[in-house]
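Report on the following structure.
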């Protein structure tokens, strides 16, 4: 049973069964955390995510990109998690961190962290503070930075690490491109892609129509 949870955020490829050379997550957990991120990004692009406790939905997104798993980001995340020091690494990537006081040996903490980070949208909301979905200094002060990094439209890669430390489970997820840049859009409000030509952030991108997500070549 998890007795306490504490999370922070820094404003700062997987097919089934993919292996990374790092002694980090197992292939099933890599796939699960990638799929969960993309499921949430798709739901956001399609305008299906609750924004705050008012019952309103967050606006749909255009040019929201699908993530792929990256072994180098995992290596960085795992190396930092292995230090068992609950603070940000200061590396030049987007970074979400999570700890639980439970010391159970279970990779499910990575998915638990993912859901807790994303739930900042439903718990705190973004539109009431930043209707145009810009990452403002005031928005940053409302502690939604985990969510905004997960939803950052230009981000295309993720890699995570998990360490069972003496007093906690420590999860680190790294993202590229890094999000949470002041006065930049979390995502562009608009209709999700219906054809490849709708995906304009990166040249020669494709559209996954059912997900409303663009795919970087």
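In mature numbering (1 follows the signal peptide of the UniProt record, and there is no 0), the protein residues as written are -17 to -1, 1 to 200.
Ideal placement from N, C-alpha and C gives every residue a C-beta, glycine not left out.
Here the structure is a predicted model, which is why all the values come from computation and not from measurement.
Residues of its chain near residue i, where Cβ-Cβ distance is below 8 Å and the 5 sequence neighbours each way are ignored
{"i": "residue 172", "result": "42, 43, 44, 45, 115, 116"}
{"i": "residue 98", "result": "19"}
{"i": "residue 198", "result": "48, 49, 182, 188, 189, 190, 191"}
{"i": "residue 177", "result": "190, 192"}
Nonlocal neighbours in the same chain, by C-beta distance under 7 Å from residue i, ignoring five residues either side
{"i": "residue 32", "result": "26, 40, 41, 104"}
{"i": "residue 125", "result": "107, 112"}
{"i": "residue 187", "result": "200"}
{"i": "residue 74", "result": "59"}
Residue i and residue j closer than 7 Å at C-beta
{"i": "residue 155", "j": "residue 80", "result": "yes"}
{"i": "residue 57", "j": "residue 131", "result": "no"}
{"i": "residue 34", "j": "residue 127", "result": "no"}
{"i": "residue 83", "j": "residue 152", "result": "yes"}
Expected contact under 8 Å - CB spacing of residue i and residue j to nearest Å
{"i": "residue 157", "j": "residue 77", "result": "7 Å"}
{"i": "residue 133", "j": "residue 23", "result": "7 Å"}
{"i": "residue 12", "j": "residue 90", "result": "4 Å"}
{"i": "residue 129", "j": "residue 100", "result": "3 Å"}
Option nearest residue i by Cα separation, candidates the options
{"i": "residue 52", "options": "166, 160, 174", "result": "160"}
{"i": "residue 139", "options": "165, 83, 48", "result": "48"}
{"i": "residue 68", "options": "167, 185, 57, 150", "result": "150"}
{"i": "residue 168", "options": "184, 73, 11", "result": "184"}
{"i": "residue 59", "options": "96, 180, 95, 3", "result": "3"}
{"i": "residue 136", "options": "121, 162, 120, 123", "result": "162"}
{"i": "residue 121", "options": "96, 74, 73, 166", "result": "166"}
{"i": "residue 36", "options": "177, 102, 123", "result": "102"}
{"i": "residue 94", "options": "14, 196, 170, 85", "result": "14"}
Cβ-based neighbour list, residue i, same chain, cut-off 6 Å, excluding 5 preceding and 5 following
{"i": "residue 194", "result": "25"}
{"i": "residue 148", "result": "67"}
{"i": "residue -13", "result": "Confidence at residue -13 is low in this model, with a pLDDT of 43, below 50, so its placement is unreliable and no value can be given for it."}
{"i": "residue 54", "result": "3"}
{"i": "residue 96", "result": "81, 154"}
{"i": "residue -15", "result": "Its pLDDT being 36, under 50, residue -15 is placed unreliably by the model, and nothing is read from it."}
{"i": "residue 179", "result": "189, 190"}
Check: residue i C-beta below 6 Å from any heavy atom of the ligand FAD
{"i": "residue 57", "result": "The ligand FAD is absent from the structure shown, which contains no ligand whatsoever."}
Flag this pair as touching only if the region 137 to 145 and the region 53 to 66 have three or more C-beta atom pairs under 8 Å; answer yes or no. yes
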